[in-house]
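Below is one structure, written out as structure tokens; the observations come after it.
Numbering (the working numbering), first residue to last: 507 to 621.
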């Protein structure tokens, strides 16, 4: 079984990635990287990562979030985070990354922020 399952859906011009599992070194972070790069190559530049079902993220997963964020920004796009678990929120707070990412608790708020 893969460590991370990513399912994709569209809400207008925003691509929502529902992630389930762990974002860790190896399969998890590679799955995230390949998905983000593929979306960019398809011209999809508004990306919302739903982390509500992500139970664990390690330093490599955090690194992948940052590199995805950078890659999307380079293409003139926007990457935002949705439904952070308390653990992930604490981790992003400690690493000062909460100030980098736009983070939302409600999908409708997140979607309306993509103007």
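Glycine is no exception: its CB is placed at the ideal position from the N, C-alpha and C atoms.
CB-CB length for residue i against residue j, believed under 8 Å
{"i": "residue 528", "j": "residue 560", "result": "7 Å"}
Buried or exposed by the 16-neighbour rule on C-beta atoms within 10 Å, applied to residue i
{"i": "residue 471", "result": "Nothing can be reported for residue 471: it is not among the residues displayed for the chain, which extend from 507 to 621."}
{"i": "residue 521", "result": "buried"}
{"i": "residue 574", "result": "buried"}
{"i": "residue 567", "result": "buried"}
Residue from the options with nearest C-alpha to residue i
{"i": "residue 536", "options": "601, 517, 557, 569", "result": "569"}
{"i": "residue 510", "options": "547, 538, 599", "result": "538"}
{"i": "residue 612", "options": "541, 547, 554", "result": "554"}
C-beta atoms of residue i and residue j nearer than 8 Å
{"i": "residue 617", "j": "residue 589", "result": "no"}
{"i": "residue 619", "j": "residue 586", "result": "yes"}
{"i": "residue 605", "j": "residue 564", "result": "no"}
{"i": "residue 582", "j": "residue 551", "result": "yes"}
{"i": "residue 599", "j": "residue 542", "result": "no"}
beta-carbon residue i near the ligand GDP non-hydrogen atom, thresh 7 Å
{"i": "residue 522", "result": "Looking for the ligand GDP in the displayed structure turns up nothing, as the structure carries no ligands at all."}
* Tell me the start and end of each unbroken alpha helix (DSSP H) in the stretch 534–591 that is at least 4 residues and wholly inside, in chain order. => 565–580
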